[in-house]
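Chains as they are written, first to last, in our numbering: chain B, -11 to 303; chain A, 3 to 324.
In structure tokens form, the structure reads like this:
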């Protein structure tokens, strides 16, 4: 089984101005089963739009997404295909993704009923199984989300995502809203589940340290494009794209203490996706840009096996 | 040791309705020109502690005991008028969300002019001062900024405006409550570089509140670690990060992935969650989650005491190190 995202673009029309936002500009990703792809980028880079397209919550403007050679979105029927229950999304904030008036157990039961996954009399057993799977007590099935801690709530959303026995989990900033001391637990759980259930992950985050910890492959996104991708060691230990380098050096590192020579690696801000720069979208902030960068669109090219960058200036 | 700029002793903050203790006997000093970081998770009391310095505690909570000595005056006993002159002039604050500090329907220039007028009354050169302040914090077009509304600016630029507003009266102490948490990392780095630069230039003291250990590691001189409303460890940033003595500090640090760990070893997690400060009673608040805890930890409260590295509140220090 493979996830194939081919040349996906997503444009949103802006009604007021008549303009458009280019959220994704030709994204291509291939991911094999049981692998984890980490997608890193700052706000507006399109990582969450991509997540929503992969799970079928949005349609791409152009391009295709297939899982196990079947399209996620069934164009003929104008609906998401039966494949989609095999792909599940876990959101950043479990407090907003769980219904506050629904008990934890009921919220998992809903998934089991909608997809007719188990017989009625087996539902409560299955809820118990799922809660055990994510390491929380079955008693919590009778609680409401507000009675749980942040870490427990995120475990519940993971349990809910696992209810349909998915092959692929799209995790959109799954630990970013959690307290520092709880993050490690949830990361460990995700790694355990991946091994135990043979899951494939797309792990989306702005936090490079978490991406680094869990990913087999990494894709770095900037303004709707992948600017660098490859095995995690290649991308993080030997980053080649100037944006990846800047991102790595901007990550606060608790193991480097007392060096008070703060240097911002990049000047300026991410341009407005509704007014995309010409040529390479990064050229205005890029430390190595030359005049032609504002003209030439940069496509990914292979610089070493499986390691690709979209930059003409890196040899 | 030089006289501290501000000296916080035994500050306890409780809810007014049901007298629940949220911050318990917090004490620390900030020296002139010193940067101090307060690290803690949500509910640890770090923000309330900072707000109490300015008399800005939200409705429903109040300081029940302690003192905050600034320039020989106890800020907790100061009247509204006195506090008002200290706020802004002497102690300024920046927040996580700039919209907390900025008025959405007022032009930015006018907002900064207002700060000057309401504090030192000298409005003759106010416009120039605002322009200079905008330029100092790296706003590319100060003239345009002067005529802009907050919504016309990006998050990073609003943060710069808020910093300009906080610095315009040249305060002695800047209190920062997670001002970079909502920003992208490359923008965060720009803001941190700006703060470091301005602090040096002005020899200003700083109290930086954050949950992000990576941010304070390279920003402050000393670190205070808070847990369940109490200070559990204080020390130089180097000692706290390389030789943490409190098991909570050590646990927090080891739960973070390390950029140098090529094998990506399993993260060490701290089981459980922090307790509500008012439920702790006469015991170490961390004891239910602590591997080292014994009966003593569960029946008595360890006070802060000096060890060879830091000041830590624990009966079973981590030890080790040089």
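We treat Cβ as the ideally placed atom computed from N, Cα and C, and that holds for glycine.
Please read these numbers as outputs of a predicted model, since none were measured by experiment.
DSSP on residue i, reduced to helix/strand/coil?
| i | result |
| --- | --- |
| residue 257 (chain B) | coil |
| residue 240 (chain B) | coil |
| residue 100 (chain A) | helix |
| residue 183 (chain B) | helix |
| residue 222 (chain B) | helix |
| residue 112 (chain A) | helix |
| residue 76 (chain B) | strand |
| residue 95 (chain A) | strand |
| residue 10 (chain A) | strand |
| residue 37 (chain A) | strand |
| residue 313 (chain A) | strand |
| residue 157 (chain B) | strand |
| residue 201 (chain B) | helix |
| residue 14 (chain B) | strand |
| residue 76 (chain A) | strand |
| residue 283 (chain B) | coil |
| residue 130 (chain B) | helix |
| residue 250 (chain A) | helix |
| residue 212 (chain A) | strand |
| residue 189 (chain B) | strand |
| residue 31 (chain A) | strand |
| residue 307 (chain A) | strand |
| residue 319 (chain A) | coil |
| residue 188 (chain A) | helix |
| residue 270 (chain B) | coil |
Take residue i as the anchor and find which of the options has the nearest alpha-carbon.
| i | options | result |
| --- | --- | --- |
| residue 284 (chain B) | B:-10, B:270, B:292, B:291 | B:270 |
| residue 256 (chain B) | B:240, B:264, B:274 | B:274 |
| residue 13 (chain B) | B:297, B:19, B:193, B:213 | B:213 |
| residue 25 (chain A) | A:67, A:9, A:5 | A:67 |
| residue 269 (chain A) | A:199, A:198, A:277, A:255 | A:255 |
| residue 30 (chain B) | A:246, A:187, A:106 | A:187 |
| residue 78 (chain B) | B:-2, B:20, B:43 | B:43 |
| residue 129 (chain B) | B:138, B:119, B:123 | B:119 |
| residue 280 (chain B) | B:267, B:288, B:27 | B:267 |
| residue 105 (chain A) | A:282, A:167, A:273 | A:167 |
| residue 262 (chain B) | B:211, B:-6, B:286, B:160 | B:211 |
| residue 105 (chain B) | B:83, B:289, B:148, B:294 | B:148 |
| residue 41 (chain A) | A:79, A:213, A:183 | A:213 |
| residue 113 (chain B) | B:250, B:40, B:93 | B:93 |
| residue 99 (chain A) | A:163, A:60, A:120 | A:163 |
| residue 275 (chain A) | B:198, B:182, B:295, B:139 | B:139 |
| residue 204 (chain B) | B:197, B:220, B:215 | B:220 |
| residue 220 (chain A) | A:229, A:245, A:194 | A:194 |
| residue 30 (chain A) | A:10, A:44, A:43 | A:10 |
| residue 171 (chain A) | A:21, A:227, A:135 | A:135 |
| residue 310 (chain A) | A:169, A:263, A:245 | A:245 |
May I ask you to list the residues that DSSP assigns as paired with residue i?
| i | result |
| --- | --- |
| residue 207 (chain B) | B:27, B:217 |
| residue 229 (chain A) | A:232 |
| residue 16 (chain A) | A:23, A:64 |
| residue 9 (chain B) | B:0 |
| residue 50 (chain B) | B:-3 |
| residue 295 (chain B) | B:292 |
| residue -9 (chain B) | B:19, B:55 |
| residue 237 (chain A) | A:225 |
| residue 178 (chain A) | A:96, A:210 |
| residue 69 (chain A) | A:11 |
Determine which residues of the region 244 to 262 of chain A have a Cβ less than 9 angstroms from any Cβ of chain B, and write them out in chain order.
If the cut-off is 9 angstroms between Cβ atoms, the region 244 to 262 of chain A has 244, 250, 253, 254, 255, 256, 257, 258, 259, 260, 261, 262 near chain B.
Taking 8 angstroms as the cut-off, does the region 10 to 25 of chain A touch the region 240 to 247 of chain B (at least 3 CB pairs, one atom from each stretch)?
No: fewer than three Cβ pairs fall under 8 angstroms.
Can you pull out the residues from the region 158 to 175 of chain B whose beta carbon lies closer than 9 angstroms to at least one beta carbon of chain A?
Those residues of the region 158 to 175 of chain B that come within reach of chain A (Cβ to Cβ, closer than 9 angstroms) are 167, 168, 169, 170, 171, 172, 173, 174, 175.
Of all the residues that make up the region 226 to 245 of chain B, which are near chain A by a beta-carbon distance shorter than 7 angstroms?
From the region 226 to 245 of chain B, only 234, 235, 238, 239, 240, 241, 242, 243, 244, 245 have a Cβ closer than 7 angstroms to chain A.
Quick check: the region 64 to 83 of chain A against the region 142 to 161 of chain A, are at least 3 beta-carbon pairs closer than 8 angstroms?
Contact fails between the region 142 to 161 of chain A and the region 64 to 83 of chain A, because fewer than three Cβ pairs, one in each stretch, are under 8 angstroms apart.
Given 8 angstroms as the limit, is there contact between the region 235 to 245 of chain A and the region 45 to 57 of chain A, that is, 3 or more CB pairs closer than that?
Under the 8 angstroms Cβ criterion, the region 235 to 245 of chain A does not count as touching the region 45 to 57 of chain A, having fewer than three qualifying pairs.
Residues within the region 38 to 57 of chain A neighbouring chain C, beta-carbon criterion of under 7 angstroms
The chain inventory of the structure shown lacks chain C, comprising the protein chains B and A.
Does the region 221 to 238 of chain B come within contact of the region 288 to 301 of chain A, defined as at least 3 CB pairs closer than 8 angstroms?
Judged by Cβ distances under 8 angstroms, the region 221 to 238 of chain B makes no contact with the region 288 to 301 of chain A, as fewer than three pairs qualify.
Are the region 290 to 303 of chain B and the region 137 to 148 of chain A in contact at 8 angstroms, needing three or more beta carbon pairs?
When C-beta atoms of the region 290 to 303 of chain B are compared with those of the region 137 to 148 of chain A, fewer than three pairs fall below 8 angstroms, so the two segments do not count as touching.
Kindly confirm or deny that the region 41 to 58 of chain B and the region -10 to -3 of chain B touch, where touching means at least three C-beta pairs closer than 8 angstroms.
Because the criterion of three Cβ pairs below 8 angstroms is met, the region 41 to 58 of chain B and the region -10 to -3 of chain B touch.
Indicate whether the contact test is met: 3 or more Cβ pairs, each with one atom in the region 177 to 194 of chain A and one in the region 204 to 211 of chain A, closer than 8 angstroms.
The region 177 to 194 of chain A is in contact with the region 204 to 211 of chain A.
If the cut-off is 8 angstroms on Cβ atoms, which residues from the region 171 to 191 of chain A count as contacting chain B, listed in chain order?
Against chain B - using a Cβ distance shorter than 8 angstroms - the residues of the region 171 to 191 of chain A are 186, 187, 188, 189, 190, 191.
Any C-beta of chain B within less than 7 angstroms: which residues of the region 193 to 226 of chain A qualify?
Residues of the region 193 to 226 of chain A that bring their beta carbon within less than 7 angstroms of a beta carbon in chain B comprise 194, 195, 198, 213, 214, 215, 216, 217, 219, 220, in sequence order.
Against chain A, which members of the region 123 to 143 of chain B pass a CB distance test of less than 9 angstroms?
Correct list: 137, 138, 139, 140.
For the 8 angstroms Cβ check, are there 3 or more pairs between the region 189 to 200 of chain B and the region 23 to 38 of chain B?
The region 189 to 200 of chain B, when compared against the region 23 to 38 of chain B, does touch it at the 8 angstroms Cβ threshold.
Is the region 2 to 19 of chain B in contact with the region 165 to 185 of chain B, if contact means three or more CB pairs nearer than 8 angstroms?
Here the region 2 to 19 of chain B does not lie against the region 165 to 185 of chain B, with fewer than 3 beta-carbon pairs under 8 angstroms apart.
Taking only beta carbons into account, state which residues of the region 70 to 94 of chain A come closer than 7 angstroms to chain B, listed in chain order.
If the cut-off is 7 angstroms between Cβ atoms, the region 70 to 94 of chain A has nothing near chain B.
Going along the chain, which residues of the region 20 to 42 of chain B sit with their C-beta nearer than 7 angstroms to a C-beta in chain A?
Listed in sequence order: 30, 31.
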